[in-house]
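Written out below as structure tokens is the structure these notes cover.
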Amino acid sequence: MAGPLGGHCVYTNGIFLTEFARSASHNGRAAQVRAKHDADATHPLGKIAPMSPFDLHTHSTISDGTLTPTRLVQRALARGLDVLALTDHDDTGGIDEARREAEGTPLRVLPGVEISVTWESRTLHIVGLNVDPGNDTLAAGLAAIREGRDVRARRIGESFAKAGIHGAFEGAKRYVTSERLVSRTHFARFLIERGHARSMQDAFKRYMRAGRPGHVEHAWAALGDAVSWIHAAGGQAVIAHPARYGLTATRMRRLLGEYRDLRGDAIEVISPSHTLAEAEDSARCARVFGLLASTGSDFHDPDESPLDLGALPPLPMGVAPVWSRW
Ligand code: AMP
Ligand code: MN
Ligand code: MN
Ligand code: MN
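Following our numbering, the numbering of the sequence shown begins with 95 at its first residue and continues without gaps.
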């Protein structure tokens with residue numbers, strides 16, 4: 095789809111803009127949306143909101159997002175995106191619906207998933223792009239993770255009860271939009287409803303961190319399994335929001351070395367979980383470890399999410415975009 099990174103670069107908003115990203119976002123339909131943003135001084139990324147034609151990390155009601163796959167695709171079209179990856183947590187069940195909605199439109203929907211992984215006692219997220227949702231190996235792995243989520247949710251409910259907050263499991267269940275998947279996001283929405291937290295961020299800060307009632311020990315998939323399921327399903331593996339895990343430099347290098355040895359393909363460089371400095375650092379990591387670079391809004395909800403679909407600055411200079419292999 096995309097050409098290689100071209101020679102000319104311009105410097106904008108603290109980030110080098112590649113000639114490819116510049117021409118894509120200036121000449122495509124995204125340019126029209128960008129023009130609207132230019133007048134919006136309240137956008138979190140500043141007066142001139144960036145706009146990427148690619149958004150490779152998003153959620154729907156199939157996991158913890160609040161828009162159905164259909165509504166998500168409609169929003170992506172309205173915002174002028176060219177490529178949208180639907181990457182629900184541990185489930186590919188929304189892909190058929192999203193693709194049907196995009197049929198006959200200029201939007202390309204990529205089948206994706208965001209797999210929950212435990213690596214060295216920490217939870218990491220590995221996005222799979224271009225996965226075949228019908229692949230048995232991937233489907234079986236994801237089904238096993240979802241079963242673990244049900245068990246964990248009951249334990250989280252018990253943990254809240256011990257802390258004096260009763261009915262959390264049932265309360266979270268009322269926010270679940272797919273019977274196949276319960277997440278801490280659903281608990282957080284219940285906590286906000288009950289006045290225990292003001293916002294999503296606040297709920298996570300107060301209740302979901304290690305040592306708080308919303309955090310119970312849980313073993314997700316192994317890193318090597320997640321990468322191999324994604325590859326078995328014909329996809330590319332991407333470490334989601336790498337700077338969010340609070341890893342030391344040593345541990346980050348160990349993770350990236352191991353990941354490269356597992357034939358992991360890419361890391362997310364642009365993410366709402368990253369500051370611009372962390373995006374630059376992630377880009378350096380991609381260059382050093384020979385990994386491709388991805389970009390995604392991690393969109394969940396129009397009000398809750400810090401970034402709207404495609405509201406992403408361009409990739410820093412010198413990294414190869416994950417789409418350069420498509
Ligand atoms: P789970 O996979 O059930 O552990 O839930 C993780 C989800 O919680 C993530 O995918 C995010 O949607 C959400 N989340 C995690 N940390 C935060 C945070 N600090 N603020 C808001 N949402 C968060
Ligand atoms: Mn989520
Ligand atoms: Mn994630
Ligand atoms: Mn996500």
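The beta-carbon is built from N, C-alpha and C at its ideal position, and this holds for glycine as well.
| message | As an exercise, report each continuous alpha helix (DSSP H) stretch of at least 4 residues that is fully enclosed by the region 332-419, in chain order. | response | 343-355 and 370-383
| In terms of residue numbering, what span does the alpha helix (DSSP H) encompassing R249 cover? | D230 to K256
| Residue ranges of each alpha helix (DSSP H) within the region 299-332, 4 or longer | 317-326
| Pairwise C-alpha distance: A266 and A282 | 8 Å
| task | State yes or no: is the C-beta of A334 nearer than 7 Å to some heavy atom of ligand 4? | result | yes
| query | Per DSSP, which one or two residues make a beta bridge with V177? | reply | F148 and R202
| Hey, L180 and G222 are a contact pair by Cβ (cut 8 Å); roughly how many whole angstroms apart? | Not a contact, Cβ separation roughly 11 Å.
| Secondary structure of I156, DSSP reduced to three states | coil
| query | DSSP three-state call for I220: helix, strand or coil? | reply | strand
| Going by other Cβ atoms of all chains shown within 10 Å of its Cβ, with 16 needed for buried, is G308 buried or exposed? | buried
| What distance in whole Å lies between the Cβ atoms of E398 and H151, which are believed to be in contact at a cut-off of 8 Å? | That belief does not hold up - the Cβ atoms of H151 and E398 are roughly 15 Å apart, past 8 Å.
| Residues bridged to V207 [DSSP beta-bridge criterion] | G222
| request: My understanding is that L201 touches V167, with C-beta atoms under 8 Å, so please give their C-beta distance in whole angstroms. | output: 7 Å
| said: Does H260 pass the burial test, meaning 16 or more other C-beta atoms within 10 Å, or should it be called exposed? | reply: exposed
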